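Reading the sequence shown from the start, the letters are residues 686 to 759 in our numbering.
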Amino acid sequence: MTRAEWARTIADALSAPPQLVIPVPKDGTRYASRPENACLSSDLLPFMPCMRGIRIQGVQDGARSLAAAFRAAS
Numbered sequence: 686m687t688r689a690e691w692a693r694t695i696a697d698a699l700s701a702p703p704q705l706v707i708p709v710p711k712d713g714t715r716y717a718s719r720p721e722n723a724c725l726s727s728d729l730l731p732f733m734p735c736m737r738g739i740r741i742q743g744v745q746d747g748a749r750s751l752a753a754a755f756r757a758a759s
C-alpha cells in the first residue's frame, strides 16, 4: 500500500473528499524510504508483554478506529 493509498483510506474513514490527497513522487521529497522489498513482519507481536490485550487490525479497521478516536477528541 502506498502512502497515498493509506491517506485515501484514512480520508474515506473521516468522510473527507479523497481528492484532498495529492500523491507526490518520493523523488520530489526529502522522505527517507525503506529499501524496495523491505518486509515488516508482526510474527513476534503476540509474544511481547506490551502487546497483551491489543488486537492488530487491518488498514481499513485501523483507519475506522483512528477516525472514531479523532471524532471523539474533537
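Here a beta-carbon is modelled for each residue, glycine too, at the ideal position from N, C-alpha and C.
Values in this document were obtained by computation on a predicted structure and should not be read as measured data.
{"Check": "Would you say the region 737 to 752 touches the region 692 to 700, given that touching needs at least three Cβ pairs under 8 Å?", "Outcome": "yes"}
{"Check": "Quick test of your reading: Gln742 and Thr694, contact by CB under 8 Å. State the CB separation rounded to the nearest angstrom.", "Outcome": "Rounded, the Cβ-Cβ distance is 12 Å, inconsistent with contact."}
{"Check": "Find the nearest neighbour of Lys711 within the set Glu721, Leu705, Pro703 and Gln704, judged by alpha-carbon distance.", "Outcome": "Glu721"}
{"Check": "When the distance is taken between beta carbons, is Ala692 closer than 8 Å to Val709?", "Outcome": "no"}
{"Check": "Going by C-alpha to C-alpha distance, which of Met736, Ala758 and Arg688 sits closest to Thr714?", "Outcome": "Arg688"}
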